[in-house]
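Below is one structure, written out as structure tokens; comments come after it.
Chains as they are written, first to last, in this note's numbering: chain A, 39 to 152; chain B, 1296 to 1408.
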């Protein structure tokens, strides 16, 4: 089974801190994605990457950046955390070769900014 | 532009009753359609998917979904709901390359004994 691992299930950080959320997948997938999930808003795409060193903005990139130095790891960075970034963050990966499995999601990181 | 609409924000059903969750999509080409389930505090798990062929697809946990091109719908059904089915359900459409998905806003299911 494809496994997508997010390093923290729960995280509490202070306003203004630089926050790193880590995501690692073990199936050699080229595509990786970061979403945030908020009640009533569903999943909103923050950033995605189709290859190492490659990144594309999603629908809500403001206040975030990403890093993909290795194929298996995709990091989301909150440059200066603010309370409106308190949310559930979900990482996903997929193969571009349309293997039919769609996205595989990590378990999520519940981030609270105080 | 691609989009997915789940018109029901929240649904409550009794255990043992039947269930139908609605999903409508907007996509110019042949859609690739998915249903995911999210238990509290968890990530999303794939329930079932439709790519082509038989328009009635079977998934895990006794769920099925029917693709109706004329109605642009992909509704999820289960004949008899169990208490463990209480969760958030997301419908999604993928581009024909599979590189990007578009999600609905989700339907929260409550099951009462």
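Here a beta-carbon is modelled for each residue, glycine too, at the ideal position from N, C-alpha and C.
Proximal residues to residue i (C-beta, below 7 angstroms), its chain only, five neighbours per side dropped
i, result
"residue 1381 (chain B)", "1404, 1405 and 1406"
"residue 1351 (chain B)", "1359 and 1361"
"residue 89 (chain A)", "68"
"residue 125 (chain A)", "74, 75, 76 and 149"
"residue 1326 (chain B)", "1320 and 1388"
"residue 102 (chain A)", "84, 85, 114, 115 and 116"
"residue 1307 (chain B)", "1405 and 1407"
"residue 99 (chain A)", "84 and 85"
"residue 121 (chain A)", "53 and 151"
Cβ-Cβ separation, residue j to residue i (assumed contact under 8 angstroms), whole Å
i, j, result
"residue 96 (chain A)", "residue 86 (chain A)", "6 angstroms"
"residue 1339 (chain B)", "residue 1385 (chain B)", "6 angstroms"
"residue 1401 (chain B)", "residue 1337 (chain B)", "Contact doesn't hold; Cβ gap of about 13 angstroms is too wide."
"residue 104 (chain A)", "residue 91 (chain A)", "11 angstroms between Cβ atoms; not a contact."
According to DSSP, residues forming a beta bridge with residue i
i, result
"residue 52 (chain A)", "DSSP, once it has assigned bridges, lists no residue as partnering residue 52 (chain A)."
"residue 1383 (chain B)", "B:1333 and B:1403"
"residue 1397 (chain B)", "B:1388"
"residue 126 (chain A)", "A:75 and A:148"
"residue 111 (chain A)", "A:62 and A:108"
"residue 95 (chain A)", "A:85"
"residue 1343 (chain B)", "B:1330"
"residue 1353 (chain B)", "B:1359"
"residue 41 (chain A)", "Per DSSP, none; premise fails for residue 41 (chain A)."
"residue 1372 (chain B)", "B:1315 and B:1359"
"residue 102 (chain A)", "A:116"
"residue 1298 (chain B)", "B:1321"
"residue 1307 (chain B)", "B:1405"
Own chain residues within Cβ distance below 6 angstroms of residue i, not counting five before or after
i, result
"residue 1329 (chain B)", "1344 and 1387"
"residue 38 (chain A)", "For chain A, the structure presents residues 39 to 152; residue 38 (chain A) sits outside this window and is missing."
"residue 1313 (chain B)", "1374"
"residue 59 (chain A)", "114, 127 and 147"
"residue 134 (chain A)", "68 and 69"
"residue 1305 (chain B)", "1403"
"residue 1334 (chain B)", "1382"
"residue 62 (chain A)", "43, 110 and 111"
"residue 141 (chain A)", "130 and 132"
"residue 1322 (chain B)", "1297 and 1388"
"residue 83 (chain A)", "73, 96 and 97"
Task: Members of the stretch 1323–1340 of chain B near chain A, C-beta cut-off 9 angstroms - done: For the stretch 1323–1340 of chain B, which is checked against every Cβ of chain A, the residues closer than 9 angstroms are 1327, 1329, 1331, 1333, 1336, 1337, 1338, 1339 and 1340.
- [ ] Mind checking the stretch 42–75 of chain A against chain B and listing, in chain order, the residues whose C-beta falls within less than 7 angstroms of any C-beta there?
- [x] Along the stretch 42–75 of chain A, going in chain order, the ones with a CB nearer than 7 angstroms to a CB of chain B are 69.
Open item on the list: Short of 8 angstroms Cβ to Cβ, which residues in the stretch 1365–1390 of chain B face chain A?
Closed with: Listed in sequence order: 1385, 1387 and 1389.
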